[in-house]
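Novice:
Numbering (my numbering), first residue to last: 48 to 731.
#1: Any idea what DSSP makes of residue 132, helix, strand or coil?
#2: Could you tell me the distance, in whole angstroms, from the CA atom of residue 585 to the CA atom of residue 605?
#3: Where do the N-terminal and C-terminal ends of the alpha helix (DSSP H) with residue 413 fall, by residue?
#4: Exposed or buried, what is residue 305 when buried is set at 16 or more other beta-carbons lying within 10 Å of its beta-carbon?
#5: Just reading off the beta strand (DSSP E) that residue 569 is part of, what are its end residues?
#6: Work out the CA separation of residue 101 and residue 320 for me, nearest whole Å.
#7: Which residue wins for smallest C-alpha separation from residue 77, given the options 621, 441 and 358?
#8: At the 9 Å Cβ level, is residue 350 part of the contact set with chain C, yes or no?
#9: Cα separation between residue 16 and residue 357?
#10: Go to residue 206, then tell me how far its beta strand (DSSP E) extends in each direction, as first and last residue.
#11: At what residue ranges does the segment 610-667 contain a whole run of the beta strand (DSSP E), taking only runs of 3 or more?
#12: Would you list, in sequence order, the uninterrupted beta strand (DSSP E) runs of no fewer than 3 residues that lie entirely inside the segment 345-379?
#13: Is the CB-CB distance between residue 388 and residue 121 below 9 Å?
#14: Please classify residue 420 as buried or exposed, where buried requires at least 16 other C-beta atoms within 10 Å of its C-beta.
#15: Compute the Euclidean distance between the alpha carbons of residue 67 and residue 414, then round it to the nearest angstrom.
#16: Hey, would you say residue 229 sits closer than 9 Å to residue 223, going by beta carbons?
#17: Buried or exposed: where does residue 554 fall if 16 or more other Cβ atoms within 10 Å of its Cβ makes it buried?
#18: For the candidate residues 197, 632, 610 and 384, whose alpha-carbon lies nearest to that of residue 570?
#19: Cα separation between residue 653 and residue 642?
#20: What does the Cβ neighbour count give for residue 262, buried or exposed, with the cut at 16 atoms within 10 Å?
#21: If you run the structure through DSSP and keep just helix, strand and coil, what is residue 544?
#22: If you reduce the DSSP assignment to three classes, tell me which class residue 314 lands in.
#23: Assuming residue 589 is part of the alpha helix (DSSP H), what are its boundary residues?
#24: Bridge partners for residue 286 per DSSP, in chain order?
#25: List the whole-angstrom C-beta distance separating residue 628 from residue 638, where the pair is believed to meet the contact cut-off of C-beta under 8 Å.
#26: To which residues does DSSP link residue 699 through a beta bridge?
#27: Using a Cβ-Cβ cut-off of 7 Å (strictly less than) and excluding sequence neighbours within five positions of residue 206, which residues of its own chain qualify?
#28: Distance, Cα to Cα, residue 562 vs residue 600?
#29: Who pairs with residue 692 in a beta bridge, going by DSSP?
#30: For my contact list, residue 587 and residue 550 are in at a C-beta cut-off of 8 Å; report their separation, rounded to the angstrom.
#31: Quick check: the Cα distance between residue 577 and residue 619, rounded to an integer number of angstroms?
#32: Taking all protein chains shown into account, decide if residue 567 is buried (16 or more other Cβ within 10 angstroms of its Cβ) or exposed.
#33: Counting only the same chain and skipping the five closest in sequence on each side, list residues whose C-beta sits under 8 Å from that of residue 349.
#34: Put residue 242 into one of helix, strand or coil per three-state DSSP.
#35: Taking the beta strand (DSSP E) that residue 389 belongs to, which residues open and close that run?
Next comes the structure, spelled out in C-alpha cells:
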C-alpha cells in the first residue's frame, strides 16, 4: 500500500518577508534603544565625575581645617606642659586637652609623669636604729605585738623627722590591727593621716596610705568611712600634691574602686588616662618628637609629640575618629552625601565613594572620603538629561514601529496581489493547454496521413512544410505553458511526486525518446554512455519517473539551443559511491563564473536582450534544480566561456532492501528554483 510523505513548512509561508522586514527594523531599533541606555549610563557616570570634582574642593577644605585644628591642639598641650608642674600638666591635658592620655617629659626628654616613686635610705641615729631593730624583733621574731606597738609608739614620740614618725606610726598601727585593738589602730592612723608630707622608704605618701587603711577598717558605708573616701578621692584628683607619685596614685585608684565601686557614686575621671599612660610607658612606647601621629605598641592607641615638645599625647582610634566626625559635621553638604574619616589600612568603597583625599601631617595615613549615602544622588542629578534621552528614544522607536507597520501592510497587500496574479496565470495556462493539445493532435494526424490514399487529400510540398512548422511551434508553446503550470504549482506548494524504483538508464532512454529526433547523427550528434562496466553496481534510484525525465529533457533542450550550428552533446550515467550521477555535456558558448552561479535561478537568462535568438522564459534550469533537490540530490554546472557546459545531476542510489512500492510525496513550500512539468523547456 503506498505511503504518503508530506513536507510542510507552514500554511502561510508568504508572511516570511514581512517577518524579515520586521526583524530588519526591530533589530536596529533595539540597538538604538541599547545605545540610548548606554548613553544614559554614561551620562550618570559623567554626572558622578562632575560631582566628585566639585566635592573634592570641600574635602581639601575640610582637610586643611582639621590639620590646622590638630596643630593648634598640639600647641595648646605644649603650652600647658611648659606652664604647669608635670602632674598638673598631665591632669589638665587629659581633662581639657581632648587627648585620652599623656606622658609629660622633662627638658631633657626624660619621663617626668607618670613618675615612679624613688627609693631612699634615710639616715638614722644609733639610738633610733637600735630602737627600730628592737621593735621589729618583738613584732616579727618574738610575736609580741603589744610590746612591738609600744616600742613603735616610743620611736614616734622621740623622733623629730616627720617621715620617720609616720613610718613608726604605720608599723604601730599594723601591730595593733594584728592584735585586734581596732580603736587604738584607728587613732594612730588618724594621726598618721595628718602628716601630709611624710613618705616611706620608696617615696610613697604615708598620709594617703593611712587614709586607705582607715577606709578598709571602718568601711565605706559608715559616716566616717564616707568622709574618708571623699577625702581620699579629692587627694587622688589633686595633682598639685607632688608627694603622691603616679604609680601610688594608680594603685590607690584601683584599690578605692574595688572598695567603693560605683555603688557610692565614686568618680575618678583621670583613671583611664593614668592606666593608658602607664601601659604606654611600660610597653616602651615611641617618644619620637616629630609631630607625626603614629600607631603605638599599645593596641588601638596612637601617639604624637611636637618637635622639641614636652608632652606625648595619646589617642584612642575612636577619639581621633570622633574628633574628625565633629569637624566633618560642620561641613555643609547636599542631601545624600556624607564625609567620613578612615584610619590607615581601612578599605575604600569604590562603588559609593565620590572622592577620597589623604590627610596631611600630623595625620599621615588617615584619609577623608566623601561618599554617597544612596545611589539616588546620581540619578537625581542626571534625571533631566536622561529623561530627554529616554523621550527621544521612545519617539524614534514609536515612529519606526509605525512606519514598519505601514510598510509591512503595503508589502502584504502586494504579496496578496502577486498570489492572485499567479492564480490567474495558472488558470489561463490551463485553459490554453486544452486547445493546444487538440491542435497538436490534428496536426500530427495530418502529418501521419501524408501520402496515404484513403479518400482524403494528401498533404504534399509546401503544405507539409507548413504543418511541420505548426507542429514544432505547437510543441514549443505547449512546453512553455507546461513550464508556467509547473511554476505555478511550485509557487503555491501544490506539486506532488509519485516515487518508485527506477533505473537511471530508463530515465535517459525516455529523455532521448522525447528529443532524440532533433539529432541527425551528422551535424548534430548525441552521444549516450549508459552501459555499466563489468562488476559496476546498478544505477537504480527512487523517484518520480516523469519528473526526472523532465529534468534530463530540459538539460538536453538547453544543450540543443546553446550549442551552435554543429551540436555535440554527450549524455552519460554512472555510479559514484552511494550516488547515481547523470551528466549532460555540450559544446556551446559556455558560461561566465557569474552566470554559472545564477543559471539555476528562476527567470534568469544569460542573454537578457529582447532580440535574443533563442526562445525561452528562464524557468527550465530552475525546474531541473527543484526536481533534483526534491529527490535529495544536487544540480551543478561546470563551465567556462567558449568551452561549453557540463551539467551534473547527483541522486541518492536506492538502498538494498528498500521498498519498491510507489509512494506519493507532497512538497508544500514556496519554491525559488522551479518545478516538475511534462516536457518543459529550459534556458541559460
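Every residue, glycine too, gets a C-beta built ideally from N, C-alpha and C.
Specialist: Result, derived from the coordinates:
#1: On the chain shown, position 85 is the one that residue 132 refers to. Reduced to three states, the DSSP call for residue 132 is coil.
#2: As a first step, residue 585 must be located in the chain shown, where it is residue number 538. As a first step, residue 605 must be located in the chain shown, where it is residue number 558. The alpha-carbon atoms of residue 585 and residue 605 are separated by roughly 28 Å.
#3: Walking along the chain shown from the start, residue 413 turns up at place 366. That residue, residue 413, is in no alpha helix (DSSP H); it is neither H nor E in DSSP.
#4: The count along the chain shown starts at 1 and reaches residue 305 at position 258. Around the CB of residue 305, fewer than 16 other CB atoms lie within 10 Å, so the residue is classed as exposed.
#5: Residue mapping note: residue 569 aligns to position 522 of the chain shown, counting from 1. Membership of residue 569 in any beta strand (DSSP E) is not indicated, and neither H nor E is assigned to it by DSSP.
#6: On the chain shown, residue 320 is found 273 positions in, with the first residue counted as 1. On the chain shown, residue 101 is found 54 positions in, with the first residue counted as 1. Rounded to the nearest angstrom, the two C-alpha atoms are 42 Å apart.
#7: Stepping through the chain shown from its first residue, residue 77 is reached at position 30. The candidate whose alpha carbon is nearest that of residue 77 is 441.
#8: The structure shown contains no chain C, having only a single protein chain.
#9: The structure shown does not extend to residue 16, since the chain spans only 48 to 731, so no value can be given for it.
#10: Start at 1 with the first residue of the chain shown, and residue 206 comes out as number 159. For residue 206, no beta strand (DSSP E) segment is defined, and its DSSP state is neither H nor E.
#11: Scanning the segment 610-667 from its first residue to its last, the whole beta strand (DSSP E) runs of 3-plus residues come out as 615-623 and 626-632.
#12: As far as the segment 345-379 is concerned, its whole beta strand (DSSP E) runs of at least 3 residues are 348-352 and 358-363.
#13: Your numbering for residue 388 matches position 341 in the chain shown. Your numbering for residue 121 matches position 74 in the chain shown. No, the pair does not count as a contact, with Cβ atoms beyond the cut-off.
#14: As a working note, residue 420 is residue 373 in the chain shown. Burial call: exposed.
#15: Position 20 of the chain shown, counted from the start, is the residue given in the question as residue 67. Position 367 of the chain shown, counted from the start, is the residue given in the question as residue 414. Roughly 59 Å between the two C-alpha positions.
#16: Reading the chain shown from its first residue, position 182 is the one you call residue 229. Reading the chain shown from its first residue, position 176 is the one you call residue 223. Going by C-beta atoms, residue 229 is nearer than 9 Å to residue 223.
#17: As a first step, residue 554 is located in the chain shown; it is residue number 507 there, counting from the start. Per the 10 Å Cβ criterion, buried.
#18: Against the chain shown, residue 570 aligns to sequence position 523. Selected option, being the one with the closest Cα: 610.
#19: Residue numbering aside, residue 653 sits at position 606 when the chain shown is read from its first letter. Residue numbering aside, residue 642 sits at position 595 when the chain shown is read from its first letter. Cα to Cα, residue 653 sits roughly 7 Å from residue 642.
#20: Your numbering for residue 262 matches position 215 in the chain shown. Residue 262 comes out buried.
#21: Here residue 544 corresponds to residue number 497 of the chain shown, with the count starting at 1. In the structure shown, residue 544 adopts extended strand secondary structure according to DSSP, grouped into three states.
#22: Along the chain shown, one-based indexing puts residue 314 at 267. Of the three classes helix, strand and coil, the one that applies to residue 314 here is coil, per DSSP.
#23: The sequence position of residue 589 within the chain shown is 542, counting from 1. Looking at the DSSP string, residue 589 is not in any alpha helix (DSSP H); the run it does join, the beta strand (DSSP E), is 587-590.
#24: Along the chain shown, read from residue 1 onward, the residue named residue 286 stands at position 239. Residue 286 pairs with nothing; no bridge assigned.
#25: As a position in the chain shown, residue 628 is number 581, starting the count at 1. As a position in the chain shown, residue 638 is number 591, starting the count at 1. Cβ atoms of residue 628 and residue 638 stay farther apart than 8 Å, at about 20 Å.
#26: On the chain shown, position 652 is the one that residue 699 refers to. 626.
#27: If you number the chain shown from 1, residue 206 lands on position 159. Within the same chain, residue 206 has close Cβ partners 175, 212 and 215.
#28: What you label residue 562 is simply residue 515 of the chain shown in a count that begins at 1. What you label residue 600 is simply residue 553 of the chain shown in a count that begins at 1. Each residue's alpha carbon lies about 7 Å from the other.
#29: In the chain shown, residue 692 corresponds to position 645, counting from 1. Beta-bridge pairing links residue 692 to 686.
#30: The count along the chain shown starts at 1 and reaches residue 587 at position 540. The count along the chain shown starts at 1 and reaches residue 550 at position 503. With a Cβ gap of about 5 Å, residue 587 and residue 550 count as contacting.
#31: Along the chain shown, read from residue 1 onward, the residue named residue 577 stands at position 530. Along the chain shown, read from residue 1 onward, the residue named residue 619 stands at position 572. Put simply, the backbone Cα of residue 577 is about 5 Å away from that of residue 619.
#32: Position 520 of the chain shown, counted from the first residue, corresponds to residue 567. The residue in question, residue 567, is exposed, as its Cβ has fewer than 16 Cβ neighbours within 10 Å.
#33: Along the chain shown, read from residue 1 onward, the residue named residue 349 stands at position 302. Within its own chain, the residues whose Cβ lies closer than 8 Å to the Cβ of residue 349, once the five positions on either side in sequence are excluded, are 340, 341, 342, 343, 361, 362, 363, 364 and 367, listed in chain order.
#34: The count along the chain shown starts at 1 and reaches residue 242 at position 195. In the three-state reduction of the DSSP assignment, residue 242 falls in the coil class.
#35: Looking up residue 389 in the chain shown gives position 342. In the DSSP assignment, residue 389 falls within the unbroken beta strand (DSSP E) covering 384-389.
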